[in-house]
Each structure stands twice: as C-alpha cells, then as structure tokens.
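Participant:
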Amino acid sequence: MPMAYINENFLKLKAGYLFPEIARRVREYASTHPEAKIIRMGIGDVTEPLVPSVVDAMHRAVSEMGVRETFRGYGPEQGYDFLRSAIASGDFRSRGCEVADDEIFVSDGSKCDCANILDILGGDNVVAVSDPVYPVYVDTNVMAGHTGESDASGEYGGIVYLRANAENGFLAPLPRERVDVIYLCSPNNPTGTVMDRKLLGDWVRYAREHDSIIFFDAAYEAYITDDSIPHSIYEIEGARTCAIEFRSFSKTAGFTGIRAAYTVVPKTLEGRTRGGKSVRLYDLWMRRHTTKFNGISYIVQRGCEATYSESGRRETKARVAFYLENARLIREGLSRMGLKPFGGVHAPYVWVQTPGGASSWSFFDRLLNEAQVVCTPGSGFGRSGEGYIRLSAFNGRSNVEEALGRIARVV
Ligand code: MLT
32 MPMAYINENF LKLKAGYLFP EIARRVREYA STHPEAKIIR MGIGDVTEPL
82 VPSVVDAMHR AVSEMGVRET FRGYGPEQGY DFLRSAIASG DFRSRGCEVA
132 DDEIFVSDGS KCDCANILDI LGGDNVVAVS DPVYPVYVDT NVMAGHTGES
182 DASGEYGGIV YLRANAENGF LAPLPRERVD VIYLCSPNNP TGTVMDRKLL
232 GDWVRYAREH DSIIFFDAAY EAYITDDSIP HSIYEIEGAR TCAIEFRSFS
282 KTAGFTGIRA AYTVVPKTLE GRTRGGKSVR LYDLWMRRHT TKFNGISYIV
332 QRGCEATYSE SGRRETKARV AFYLENARLI REGLSRMGLK PFGGVHAPYV
382 WVQTPGGASS WSFFDRLLNE AQVVCTPGSG FGRSGEGYIR LSAFNGRSNV
432 EEALGRIARV V
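Each residue of the sequence shown is one higher than the last, beginning at 32 in the numbering used here.
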C-alpha cells in the first residue's frame, strides 16, 4: 500500500519535548504515591488568577459578542488596531523605541511565533543558540531541516552553540565565527540571567557588522526591576535593521491558558535571496501570518488591551512582584543551603547547581522521590545545563515556603 512520505527531519529529534517528559515522570510517581502532596516548580506556568481589569474587559467583550450590533466575526489576522496601538505605544514608544502600530503582529503565543518565524527564512542559515537554551529554538530548526544529525551529546550538526556557564555568569558569549541567525532570550529562560545595555549593544553591533538577524525573545521583560536594563532590543540603536522581537502576555498577565502574544517585525529589516536581492522580512511575515493564521479572539484582545490601562498595569505589576518575591525566597533559601543560585532577580526562574555533583535527572528524581518537589533538569536545556536544575517561581507563597523546607532536608 503506498504511504505518504513523512518529514524525516522529525526523526533527527533526540528526545521527547522536555516538559511532557517531566509530566510523564510526575504522573508515574503520583500514580504510585496517591497520598503525596507534589509541589510543581518545573514548567513555568502561572498560578495566580487573572487580574480584575482583564476579567472586566473580557466580560464586556463577551457581552458585545452576544448582541447583533456589536457582534464580530473574523478580525484582522494581525490583531485589532486598538490592541496594536496600545502595544506599540505602551511597550515601545513610551520607552523611546521607534515601533509603529502596524509592525506589531498579535498571535496566540511566543512559542508558536519563535517556531513559525522559520517559515520566512531559508534553510542554509547558520543558526546560533546559547547553551543552555529554551529547547523550542533548537527543535524547530531541526524540524525545518536547518540542521544535521545529532551527536552523542544531543547537539545538532550545523548549529553554533554558545556556551553559558558559571564562569561567564550564564551569559552566552558572542560567536567567534559569522552566523546568520542568533536567538537571544533576556531575561533568560532557563537561567534567569539578564543582559545589560552594554552586552545587548555588543550583540546588535555584531549582528549589524555580520548582516545577521537576532530573534530576541523578551517574554519575561516584565520581570526586569532595574530600569537601566533594556526591556526591548529596540532600546539599542540600530536594532531596527537586525532584530525581530517576541513578547508574550503569558507571564506578564497570567495568560498561559488564555493565549496571547505578539511579534515585532520592523519594516527596516531585510534578508536576501540567493541571487543577492534584498527583501523586507516584514512583507514575508505579513504574507505568512495572513495566510496561515486567523488572529486571536476579540475577547482575548480586549483582555490584552486592559493590561495597558492604569488599573491593568497596576494589577499585573502586583502579580509580577508576587512571583518575584517567590524568586527572592527561592534564591535566598538555596543560598542558605550552601548552594549558589543564578537568576531570580529579574526573572521568575532560579538556576542552581545540583549538590554533590549529581546529574540533573538524578537530582530531579531525588527531589521528586524524597521531597515531592518537581524541578526542571538543566540538562534538558542543553549540554551546559548538565549538573544544574531550574526552579520556577510561579507558585503560591505557601507552596514555595513548603518546598524550600523540603528541599533543605534533601540537600
Ligand atoms: C518554561 O517552563 O520554560 C516555559 O513555561 C515554557 C514556555 O513558556 O513555553
């Protein structure tokens, strides 16, 4: 019987996606220990409810949808003007960044955007990622056929891995060679470290000198507490000709289940054809977005818009502050245990070396079995993550306090 051909790039993928694998181990443990009170500090998923301003705005939008005169069908694929304008002025122009309303493309998630953006790039680009890295950047390049096979350590041919480690403060160094595409994430997932203006400036200069494109993932920018640290790559001069930025409402407004994000594609950013002709990436992304995507719901977009109102800002800021306080407790608790944590100051993630040189997965298993605490094994983010774990600060306060007490008994 004839069968359709598959995308064989998927067969190159080394392991299952990290978070489902963690979920599988936790399910297995829970099924054999039904009495265990498991505290989940693995996946970075919010726990606190939506803020009142968002709930009110979404309620109003639902009511509008129930009345013929204000009912809406398909909206613009790129997002309603009211939201694109609130984003461009609230997140960018207010910070002195030149971003036009129509350079904002609203979507249902940064994970999807980071993956989908590859549709508009060619397959021969040399891609650089930091190691450890948010696995989506790597796996989507594998799926798109932009890499070779993986080696014994799980790294893929053709990708340039920029090693981040305790020596460089878990801030990936600039590549020694020329690369075409660079993924940067600041505040960083998984290490929780953050790039200052000087370092981000070095990256923009590198990208401009080498005609590279930076994919700047700023999903956690709301967690920056020091105003001298850039929230957007467009705060750096020249970034409009070399960078695309990804932003999300997930961790800012607690929308991991609601789904909303956006991508900024400046009209000044160009790529080239094999024949050497320059092409605006904006036009390609517009074509891709309007062809493959139908936008997110009006109700959700009104919820997003509400986060830019005075009350919405105040309320969402309080949520972020709550998680940051959790991060502080985790950081300080781990330090008291004699461990040396990274991150957790401008980010909801704390990154820490396992005690006694344990491997990431064995310490994961130990924390699950002996403390009933779920973490994320650092090796799931790449070779340089081996020997580390990540703890997420997205949790209720009593869970964080309880988890720290239990961890202290195990290390
Ligand atoms: C994480 O835990 O790394 C994040 O929740 C992943 C994501 O945002 O997709």
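Note that CB positions come from ideal geometry on N, CA and C, so glycine has one too.
#1: Rounding to the nearest angstrom, what Cα-Cα distance links aspartate 150 and arginine 319 in this structure?
#2: Could you name each continuous alpha helix (DSSP H) segment of 4 residues or more that falls completely within the segment 331 to 397, going from the start of the chain to the end?
#3: Tell me, please, which residues DSSP counts as bridged to tyrosine 36.
#4: Can you find a heavy atom of the ligand MLT that lies under 7 Å from the Cβ of tyrosine 165?
#5: Report yes if the C-beta distance between isoleucine 267 and leucine 312 is below 8 Å; otherwise report no.
#6: With DSSP collapsed to three states, give me the class of serine 141.
#7: Which first and last residues belong to the alpha helix (DSSP H) in which threonine 283 is found?
#8: Return helix, strand or coil for serine 263, following the three-state DSSP convention.
#9: Which residues mark the beginning and the end of the alpha helix (DSSP H) in which glycine 449 is found?
#10: Quick check on this structure: which residue in Lys43, Tyr265 and Pro379 has the alpha carbon closest to the alpha carbon of arginine 228?
#11: Can you list, in chain order, the residues of its chain with a C-beta nearer than 6 Å to that of glycine 413? Leave out the 5 residues immediately preceding and following it.
#12: With the cut-off set at 8 Å, would you say arginine 514 and valine 82 are in Cβ contact?
#13: From which residue to which residue does the alpha helix (DSSP H) around valine 169 run?
#14: Considering only residues of the same chain and omitting the five flanking positions on each side of phenylalanine 113, which have a CB-CB separation below 7 Å?
#15: Under DSSP, the beta strand (DSSP E) around glutamate 301 begins and ends at which residues?
#16: Here's the rule: buried if 16 or more other CB atoms are within 10 angstroms of the residue's CB, otherwise exposed. What is phenylalanine 102?
#17: Check the DSSP bridge columns for leucine 422 and list the partner residues they point to.
#18: Does the beta carbon of aspartate 233 fall short of 7 Å from some heavy atom of the ligand MLT?
#19: For a test of your reading of the model: does the CB of serine 116 fall under 7 Å from any non-hydrogen atom of the ligand MLT? Yes or no.
#20: Pull up the distance between the alpha-carbon of serine 120 and that of arginine 56, whole angstroms please.
#21: Apart from the five residues on each side of it in sequence, which residues of its chain come closer than 6 Å, Cβ to Cβ, to serine 184?
#22: For the alpha helix (DSSP H) that contains serine 113, what are its first and last residues?
#23: In this structure, what does DSSP give as the bridge partners for aspartate 248?
#24: Give me the Cα-Cα distance between aspartate 76 and leucine 422, rounded to the nearest whole angstrom.
#25: Going by DSSP in three states, serine 415 sits in which element: helix, strand or coil?
#26: Cα-Cα, which of Tyr380, Asp87 and Thr171 is closest to isoleucine 330?
#27: Is any non-hydrogen atom of the ligand MLT found closer than 7 Å to the C-beta of isoleucine 74, if you look at the structure I gave you?
#28: I believe glycine 73 touches valine 405 by the beta-carbon criterion, under 8 Å. Please report the beta-carbon distance rounded to the nearest angstrom.
#29: Based on the DSSP output, what are the partners of serine 181 in its beta bridges?
#30: List the residues that DSSP assigns as beta-bridge partners of phenylalanine 102.
#31: May I ask you to check if the CB of asparagine 220 is nearer than 7 Å to at least one heavy atom of the ligand MLT?
#32: Distance check for alanine 92 and histidine 177, CA to CA, integer angstroms please.
#33: Please say whether alanine 197 and serine 217 have beta carbons closer to each other than 8 Å?
#34: For phenylalanine 136, which of helix, strand or coil comes out of DSSP?
Facilitator: On the basis of the data shown:
#1: Numbered from its first residue, the sequence shown carries residue 150 at position 119. Numbered from its first residue, the sequence shown carries residue 319 at position 288. For aspartate 150 and arginine 319, the distance between alpha carbons rounds to 8 Å.
#2: You should have 341 to 367 and 391 to 397.
#3: Counting from 1 along the sequence shown, the entry for residue 36 is found at position 5. Looking at the DSSP assignment, tyrosine 36 forms no beta bridge with any residue, so it has no partner.
#4: Numbered from its first residue, the sequence shown carries residue 165 at position 134. Indeed, a heavy atom of the ligand MLT lies less than 7 Å from the Cβ.
#5: Here residue 267 refers to the residue found at position 236 when the sequence shown is read from its first residue. Here residue 312 refers to the residue found at position 281 when the sequence shown is read from its first residue. Here isoleucine 267 is not near leucine 312, since their CB atoms are 8 Å or more apart.
#6: Here residue 141 corresponds to residue number 110 of the sequence shown, with the count starting at 1. Three-state DSSP puts serine 141 in a helix.
#7: Residue 283 sits at position 252 when you count from the first residue of the sequence shown. First-last of the alpha helix (DSSP H) with threonine 283: 281 to 284.
#8: Along the sequence shown, read from residue 1 onward, the residue named residue 263 stands at position 232. Of the three classes helix, strand and coil, the one that applies to serine 263 here is coil, per DSSP.
#9: Given that the chain is displayed from residue 32 to residue 442, the structure contains no residue 449 and the question cannot be resolved.
#10: In the sequence shown, residue 228 corresponds to position 197, counting from 1. When only C-alpha atoms are compared, the closest one is Tyr265.
#11: Taking the sequence shown and counting its residues from 1, the one referred to as residue 413 is at position 382. Excluding sequence neighbours, glycine 413 sits near Asp162, Pro163 and Val164.
#12: Nothing in the structure corresponds to residue 514, since the chain is present only between 32 and 442.
#13: By one-based count along the sequence shown, residue 169 stands at place 138. Valine 169 -> alpha helix (DSSP H) spans 166 to 174.
#14: Counting from one through the sequence shown, the residue named residue 113 turns up at place 82. Excluding positions up to five away in sequence, the list reads Glu336.
#15: For this step, residue 301 is matched to residue 270 along the sequence shown. From DSSP, the beta strand (DSSP E) with glutamate 301 extends over 301 to 303.
#16: For this step, residue 102 is matched to residue 71 along the sequence shown. Classification of phenylalanine 102: exposed, given that the 10 Å Cβ count is below 16.
#17: Here residue 422 refers to the residue found at position 391 when the sequence shown is read from its first residue. According to DSSP, which records beta bridges pairwise, leucine 422 is partnered with Val381.
#18: Along the sequence shown, read from residue 1 onward, the residue named residue 233 stands at position 202. No - the ligand MLT has no heavy atom lying nearer than 7 Å to the Cβ of aspartate 233.
#19: Here residue 116 refers to the residue found at position 85 of the sequence shown. Between the ligand MLT and serine 116, a heavy atom-to-CB distance of less than 7 Å is absent.
#20: Mapped onto the sequence shown, residue 120 falls at position 89. Mapped onto the sequence shown, residue 56 falls at position 25. The straight-line gap from Cα to Cα measures roughly 44 Å.
#21: Position 153 of the sequence shown, counted from the start, is the residue given in the question as residue 184. Correct list, in chain order: Arg414.
#22: Reading the sequence shown from its first residue, position 82 is the one you call residue 113. Checking the sequence, you will find phenylalanine at residue 113 rather than serine. In the DSSP assignment, phenylalanine 113 falls within the alpha helix (DSSP H) that extends over 112 to 118.
#23: Here the question's residue 248 lines up with position 217 in the sequence shown. The bridge partners DSSP lists for aspartate 248 are Cys216 and Phe277.
#24: One-based indexing of the sequence shown puts residue 76 at position 45. One-based indexing of the sequence shown puts residue 422 at position 391. Within the model, the alpha-carbon separation for aspartate 76 versus leucine 422 is close to 12 Å.
#25: As a working note, residue 415 is residue 384 in the sequence shown. It is helical.
#26: As a first step, residue 330 must be located in the sequence shown, where it is residue number 299. Cα-wise, what sits closest to isoleucine 330 is Asp87.
#27: Counted from its first residue, the sequence shown places residue 74 at position 43. Flag set: Cβ of isoleucine 74 near the ligand MLT.
#28: On the sequence shown, residue 73 is found 42 positions in, with the first residue counted as 1. On the sequence shown, residue 405 is found 374 positions in, with the first residue counted as 1. Confirmed, Cβ separation roughly 4 Å.
#29: As a first step, residue 181 must be located in the sequence shown, where it is residue number 150. Paired residues: Tyr187.
#30: Looking up residue 102 in the sequence shown gives position 71. Bridge partners of phenylalanine 102: none, in fact.
#31: Taking the first residue of the sequence shown as position 1, residue 220 is located at position 189. Within the cutoff, so yes.
#32: Against the sequence shown, residue 177 aligns to sequence position 146. Against the sequence shown, residue 92 aligns to sequence position 61. For the pair histidine 177 and alanine 92, the Cα-to-Cα distance works out to about 42 Å.
#33: The sequence position of residue 217 within the sequence shown is 186, counting from 1. The sequence position of residue 197 within the sequence shown is 166, counting from 1. Cβ atoms of serine 217 and alanine 197: not closer than 8 Å.
#34: The sequence position of residue 136 within the sequence shown is 105, counting from 1. Strand at phenylalanine 136.
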